[in-house]
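Colleague: Heads up: the sequence shown is residues 8 to 98, going by this note's numbering.
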Amino acid sequence: MKKTEIITRETITRYAQDTSDAFTSLIKFMLARAKDFSVLDFALFKLCLVSFGLYIGSKFAEFFKKFRIVILISFIISYAYMLWRIFIRED
8 MKKTEIITRE TITRYAQDTS DAFTSLIKFM LARAKDFSVL DFALFKLCLV
58 SFGLYIGSKF AEFFKKFRIV ILISFIISYA YMLWRIFIRE D
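1. What do you reckon, are the CB atoms on C55 and Y88 nearer than 9 Å?
2. When you compare only the Cα positions, how much space is there between M37 and R92?
3. Can you give me the start and stop residues for the alpha helix (DSSP H) that T26 sits inside?
4. Distance, Cα to Cα, R75 vs K66?
5. With DSSP collapsed to three states, give me the class of I13.
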């Protein structure tokens, strides 16, 4: 017989606090890493965000449908660079 935990207000509050603490530490880590970004890094970050938005928008706009693969490739490259720059590269 499987023992299940009764979900109480305290349990939900504890889970919410744990999640909040995890996100807070992630944000602090990413902000600390972003302090060392160069202008090129910020430009690639903007390219990543814009290309992702354009890719999502290309699903709905006829004009961008023919550029969808180029937009997707630019997003993947810039996203991979940002992941490498934030989490792997040590300055």
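Note that the Cβ used here is the ideal one computed from N, Cα and C, for glycine as well. Since this is a predicted model, take the numbers as computed values, not measurements.
Modeller: According to the structure shown:
1. Taking 9 Å as the Cβ cut-off, C55 and Y88 qualify as a contacting pair.
2. Distance between the alpha carbons of M37 and R92 is about 10 Å.
3. That run of the alpha helix (DSSP H) goes 16-41.
4. Near 8 Å, if we compare the C-alpha coordinates of K66 and R75.
5. I13: coil per DSSP, three-state reduction.
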